[in-house]
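In the numbering used here, the protein residues as written are -7 to 568.
Right, one structure below, let's go through it.
Structural data, given as structure tokens:
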């Protein structure tokens, strides 16, 4: 949902996803002198529930406790972009935003404005979208759980599991549990080990549901041993299937996927009722503990029979374990490259499947990036393909964002240096979590913020695992590309993959945009701390608010990222 409200000197824009509400604030030039920040409240009738932050005025609280949070009417928010990460799906909330003036010890609230928004309910509508927490190293996790691991990560009711999965696990289990006797579920799974999912499928089969699962069972050539060996995903799936007895369950058919060029990277489930495909559950979430309670992931349900049938047709071909040339012939015919422009020219959802005969889809993605008019938001777990990276090395007059797992390689760094309107954040500098990875530097911030640690010590992708591209998500005609496929040549030509190309759906765009912003700001802040620490900067200052209006300088200076970001919401900024 999108809303706008004006009152006093303040202009507000609100973007409501399902669990995040983003507020963009513009304040009139004549009201900026002496502005200490903003007091923000959720309104309960006429009573404000002042939202809290961790930053304080040094002259008022010289040594804050890391556990403490401080109300924004006394220690205001010094940002023109603020998000409520505690929003609940399908709820209506009225927010009040008031400018704060005076002295830090005696703040004075000016005339503000209120705005009412309703968050999206993922259990209704054509699209149901759930993002997991995806930030296991965070102040919130440290505060709630003291960085301890779940007592039982296979228990959906475990408090840490519930908090980290953020509704995604419950939604997946509900999707499976809904299927009844006489209905069917068709599953395509790459990593297939998470006990709650496997148990739910077994329960479904016991209810009389026809359950059939295509899963990774292939081999790769081991250069050291000079022979073919089962992949790690194959071994893990085989062990989990045997341990939970899926291979002995009636009404449940396991179909090994072996004849593939690279990896069968799909993770989707089709629900079939009365002989027709009704809905499909897809996204980036592998059916693993890490998929649900570790790395960033999205679960996307499409309640549209045409889309669900397209996935069922794809699954049916996969169930015959075709070799890659055979499968790529089918995908090219079913989702032809030359038809995409026409299919995505009008509002709707277009499924797109791999492997392909070539990687021409990269040119299609690059053209969409090049044609953006307002912004681009792009996540990449395994780096940025050179064809796409080239689009971020071209100066534009609006800001664009990259969210990566690892730091950009040298070529991308060089491109970004010449393009000040592209901002990149990456996750994999947080914590000494795996051999060979960079350790987060020890800093004086440990005295001011709760220590952040990772309870997961092993794995490949720890942070950014989503695969989505947003083109002009704030506009009236956004494009959202999301699914299992990384935006790479290998993914397009070698893997079993699926993507959704969603055109003109502002509800979908709002959910993806608010979640992208949540994740981007989380990692960008820690990236900044890392950079400052390497320079020997006095990081303790990061805990304190500016006791003057100087904090606004970063939002009005020409060429600054915050100034450019503000123009996404208020094109005439900084003037009024």
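Even for Gly, the Cβ is constructed at its ideal location relative to N, Cα and C.
All values derive from a computational prediction rather than experimental measurement.
Assign residue i to one of three DSSP states: helix, strand, or coil.
i, result
"residue 306", "helix"
"residue 292", "strand"
"residue 59", "coil"
"residue 93", "strand"
"residue 157", "helix"
"residue 130", "coil"
"residue 255", "coil"
"residue 429", "Low confidence applies to residue 429: its pLDDT is 46, below 50, so where it sits in the model is not reliable, and the reading given next is rough at best. In this structure, residue 429 counts as coil in the three-state DSSP scheme."
"residue 325", "helix"
"residue 146", "coil"
"residue 188", "helix"
"residue 369", "strand"
"residue 15", "strand"
"residue 10", "coil"
"residue 46", "coil"
"residue 26", "coil"
"residue 311", "coil"
"residue 170", "coil"
"residue 250", "coil"
"residue 340", "strand"
"residue 548", "helix"
"residue 227", "helix"
"residue -3", "strand"
"residue 4", "strand"
"residue 75", "strand"
"residue 364", "coil"
"residue 564", "coil"
"residue 279", "strand"
"residue 423", "With a pLDDT of 40 at residue 423, under the threshold of 50, the predicted position of this residue should be treated as unreliable, though the coordinate-derived value follows. Correct three-state label for residue 423: coil."
"residue 285", "helix"
"residue 553", "helix"
"residue 346", "strand"
"residue 137", "helix"
Using a Cβ-Cβ cut-off of 7 Å, state whether residue i counts as contacting chain B.
i, result
"residue 173", "Here there is only one protein chain, and chain B is not present."
Using DSSP's beta-bridge definition, name the partner residues of residue i.
i, result
"residue 211", "222"
"residue 353", "In DSSP, residue 353 forms no bridge with anything."
"residue 152", "Bridge partners of residue 152: none, in fact."
"residue 121", "292"
"residue 99", "94"
"residue 35", "40"
"residue 201", "Bridge partners of residue 201: none, in fact."
"residue 330", "None; residue 330 has no bridge partner."
"residue 272", "262, 294"
"residue 181", "207, 259"
"residue 240", "Answer is none; residue 240 lacks a bridge partner."
"residue 87", "34, 107"
"residue 176", "202, 264"
"residue 245", "204"
"residue 69", "30"
"residue 384", "Answer by DSSP bridge pairing: none, since residue 384 is not bridged."
Verify whether the separation of the beta carbon atoms of residue i and residue j is less than 7 Å.
i, j, result
"residue 205", "residue 246", "yes"
"residue 209", "residue 249", "yes"
"residue 310", "residue 293", "no"
"residue 563", "residue 548", "no"
"residue 186", "residue 279", "yes"
"residue 34", "residue 84", "no"
"residue 302", "residue 343", "yes"
"residue 358", "residue 383", "yes"
"residue 364", "residue 260", "no"
"residue 307", "residue 178", "yes"
"residue 487", "residue 254", "yes"
"residue 236", "residue 244", "no"
"residue 368", "residue 123", "no"
"residue 510", "residue 89", "no"
"residue 539", "residue 464", "no"
"residue 1", "residue 23", "yes"
"residue 176", "residue 202", "yes"
"residue 188", "residue 148", "yes"
Report whether the distance from the Cβ of residue i to the nearest heavy atom of the ligand ZN is below 6 Å.
i, result
"residue 536", "This structure simply doesn't include the ligand ZN, nor any ligand for that matter."
Contiguous alpha helix (DSSP H) assignments of at least 4 residues, all confined to the stretch 454 to 527:
481 to 486, 498 to 526
Measuring CB atoms only, is the stretch 327 to 339 touching the stretch 155 to 173, in the sense that at least three cross pairs come out at less than 8 Å?
no
As an exercise, report each continuous alpha helix (DSSP H) stretch of at least 4 residues that is fully enclosed by the stretch 389 to 420, in chain order.
402 to 409
Should the stretch 496 to 509 be regarded as contacting the stretch 348 to 366, the criterion being three or more beta carbon pairs within less than 8 Å?
no
Contact between the stretch 489 to 502 and the stretch 457 to 470 is defined here as three or more beta-carbon pairs at a separation below 8 Å; is this criterion met?
yes
Taking contact to mean at least 3 C-beta pairs separated by less than 8 Å, is the stretch 15 to 32 in contact with the stretch 64 to 77?
yes
Are at least three pairs of beta-carbons, each pair with one atom in the stretch 103 to 110 and one in the stretch 132 to 146, less than 8 Å apart?
no
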